[in-house]
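Notes to accompany the following structure.
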Amino acid sequence: MKAYVIFLIIFIKYVLARDNFTINFINSFIENEGKPTIVISTGLCWGKHIELKMVKLFSYLGVRSSSSIGGHSHIQDQHLLFLADMECPEVLDVLNNATSNNLFQFPFRWLILSREGSDVTNSTLWSCPLLTDSDLVLAAIKGNYVTMTELHKPSMNHSMQLTQRGFYNGSFYDTRPHRELYRRRKDLMGTTVIMSNVIQDSNDTKEHIEKEDRLDLHNDAVVKGCWMVAKHSYEMLNATRRHIYSYRWGYKVNGQWSGMIADIKSNKANTGTNCFITTDRLEEVAFTDMVMPVRLRFIFRQPPLPYIANIFSLPFSTDVWIAIVVCSVAATLALFFTSTWDVSMERNPTQLDGSISDALLLTLSAVAQQGCFIEPTRAPGRIIEWFFFAALMALYAAYSANIVVLLQAPSNSIRTLAQLAASKITLGAADVDVDYNRFVFSLYNDSVRMGIYRRVIPENGPPNFYSFDQGVEKIRQGLFAFHAIAEPVYHRIVETFKEAEKCDISQVDFVSGFDGFTPIKKDSPYLEVIRVTYKQIRESGIQSAVVRRFSVPPPHCVTSGSTFSSVGLLDVWPVIIFMLYGVAFSIFIFFAELLVHKLLIEARRFMCKRKDLRLRRRIKIVNLHRGKPGK
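Residue numbers for the sequence shown, in mature numbering (1 follows the signal peptide of the UniProt record, and there is no 0): -17 to -1, 1 to 614.
Have a look at this one:
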């Protein structure tokens, strides 16, 4: 009996020592992590006193613990550390529950304990989806020594990869070469990674991507640039690259996704071509990095200056025009006073008659650089006339030279989206994907962009969609703005435009510099490693080199000289309007004179009748006084 008691005491001390060793190991593991931690100890079969002691030790470290995952916000997922024991009977339910709820994915962490003699390689743990982003540590306890091993698979078709994490023998030793998980998992060991490429400009892009022959770089430049960067990323990850093709970016219609987003959602592809971030897409995919800038622009030739301004008032500033008016008024008054003196001395048919109208007629003739059949006859008036004509001749020379330049000059008046919306030029878009155009134009709700949207896609008419060749030709003809990806448009402009026609090419950004980003499935195990490699490609300068290779710069204006073009009706429209005003005013004066003339005749007739009536009355009165009957 005594021996039995001694054996029991020794056994209890051994068990307590083993439990203390395990608890101290878990405590050291959490302390080594150096992260805020919430321990979830579901399915443990330890005694209550052991769990209580473990919780007490956790409290000293500021670590919270729970026996279930419920009650925690998703923003705390990166703090959760699941603790399980392979010797406990409920561990199978814990692992199955974790598999069904995707708890082996990032950012959850796992610490699984196994005892000496346990065969974990044939357990359920080996069939769990411990993929590249999984952070699971298997701690094998043998006496007072713990060996820590990380478990993961590059894909579900690969065998389990075991990587030594460290060991514990009373002191904690971390043997990881890098603490960052992505740096330890960047070797995908030939895992196939598929990219969905969106083809819109030319079907020949498929052949050029597969051959990598760098031909027709302007067609689908964004797709080719994204594939080139993705290829470098896959090489850095030691992954096998594959690609599929889609003709649409992906839009949600009646709850169903189309195009590239549908490929990623259905696991047909892991990544895709750069696309714009929207609320709907964020529910299905995550966005990593901006690989190729999506330069969506309204490209157009600046309208000629007569289209937006009266060029006949532009040669002189407002101050000069005011000075000309003041001088003309002064010359008119001076001619009026001198002509009054001339008339008092002598009269002839060709001299000014001393009225203000004749003086004004001579002044206006001088302003228009036209002669007049009447003129001053004395020296004072002729001196005024000569100096006035000489001054206006110099002004006329400067005015004519400026008019010639202004007739050929572009306006440079459209620089912002608001100015484009206020202009009268025709707006159109590339006929590549109807849903894509409607999607881009409906991204914003402000009045300026909504006005442009209604002009490109009117509610009661066909949309203004054109092929690239048609759109570029309409740009060349002028007074047309074409919305498309810049590369294919610029390439066609360089090939088809004359040098002088390239000088007034302008562009306006509709999406305000908002670029697309590379989509990847939200729960993809490769999200973090691809994100990091994209950042490394950007920092190394490879991405900028790819962008320069595939981007087509705006056409350069080699010569600033303008080609000759005939003056059109639009150029002289202000003159025609001025002439019409003059004709209308003269007609108005003509009818006013007719009216006044008729009124004067009627007044004279009325006065004559009145005088005749009065005369008749007087004759009648006289005859009555004489006793004769009036006739």
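For glycine and all other residues, C-beta sits at the position ideal for the given N, C-alpha and C.
- Boundaries of the alpha helix (DSSP H) around Phe451: Phe451 to Gln460.
- Shown here, Thr501 sits in coil according to DSSP, grouped into three states, outside any helix or strand.
- Looking at the DSSP output, Thr254 bridges to Met178 and Ile503.
- By the criterion of at least three beta-carbon pairs nearer than 8 Å, the segment 29 to 45 is not in contact with the segment 81 to 88.
- Judged by their CB atoms, Val558 and Ala469 are not nearer to each other than the 8 Å cut-off.
- In summary, Met376 is exposed, with fewer than 16 beta-carbon neighbours lying within 10 Å of its beta-carbon over all protein chains present.
- Beta bridge pairing from DSSP links Gly149 with Met131 and Asp157.
- Contact between the segment 113 to 133 and the segment 513 to 521 is absent: fewer than three C-beta pairs spanning the two stretches fall below 8 Å.
- Assignment of alpha helix (DSSP H) within the segment 57 to 127, counting only whole runs of 4 or more residues, yields 74 to 83 in chain order.
- Taking a C-beta distance under 8 Å as the contact criterion, Met243 and Ser179 qualify as a contact pair.
- For Ser24, the closest alpha carbon among the candidates Phe41, Asn15 and Glu16 is that of Phe41.
- Annotated as proximal: Ile435 and Leu410, with beta-carbon spacing under 8 Å.
- Here Glu133 really is in contact with Thr146; their C-beta atoms are around 4 Å apart, less than 8 Å.
- DSSP places Thr262 outside any beta strand (DSSP E); the residue lies instead in the alpha helix (DSSP H), whose first and last residues are Thr262 to Leu265.
- Here DSSP, grouped into helix, strand and coil, assigns Pro287 to strand.
- Of the residues Gly499, Asn3 and Tyr217, the one whose Cα lies closest to the Cα of Leu171 is Tyr217.
- A straight line joining the alpha-carbon of Gly233 with that of Arg98 spans about 51 Å.
- Annotation for Ser430: the continuous alpha helix (DSSP H) segment containing it runs Ser430 to Val439.
- Per DSSP, the continuous alpha helix (DSSP H) segment holding His474 begins and ends at Ala469 to Thr479.
- DSSP places Ser229 in the uninterrupted beta strand (DSSP E) bounded by Thr223 to Ser229.
- Remark: three or more beta-carbon pairs, one from each stretch, lie closer than 8 Å, so the segment 392 to 408 and the segment 271 to 286 are flagged as touching.
- In this chain, Thr188 is not harboured by any beta strand (DSSP E); it is covered by the alpha helix (DSSP H) spanning Asp187 to Lys194.
- Under the three-state reduction of DSSP output, His466 falls in the strand class.
- The count of Cβ pairs closer than 8 Å, one atom from the segment 222 to 242 and one from the segment 290 to 301, stays below three, leaving the stretches out of contact.
- Contact between the segment 57 to 74 and the segment 135 to 144 is absent: fewer than three C-beta pairs spanning the two stretches fall below 8 Å.
- Within a 10 Å sphere around the beta-carbon of Thr315 sit 16 or more other beta-carbons, which makes this residue buried.
- Where Arg532 is concerned, the enclosing alpha helix (DSSP H) starts and stops at Ile525 to Phe533.
- Shown here for Phe451: same chain residues with a beta carbon closer than 8 Å to its own, the five before and five after excluded, namely Asp184, Ala413, Ala467, Pro471, Val472 and Arg475 in chain order.
- Residue state for Ser42 is assigned as helix, using DSSP reduced to three classes.
- Of the other Cβ atoms in all chains shown, fewer than 16 fall within 10 Å of the Cβ of Leu44; this residue is therefore exposed.
- For Ala351 and Phe370, the gap between their C-alpha atoms comes out near 15 Å.
- Around the beta carbon of Ile503, 16 or more other beta carbons sit within 10 angstroms, so the residue counts as buried.
- Cβ neighbours of Val541 within its own chain (closer than 6 Å, five residues either side excluded): Glu482.
- Here Ile23 carries a strand assignment [DSSP, helix/strand/coil].
- Here Tyr379 has Gln352 as same chain residues with Cβ atoms under 6 Å from its own Cβ, once five neighbours each way along the sequence are excluded.
- The count of Cβ pairs closer than 8 Å, one atom from the segment 208 to 215 and one from the segment 519 to 539, reaches three, so the stretches are in contact.
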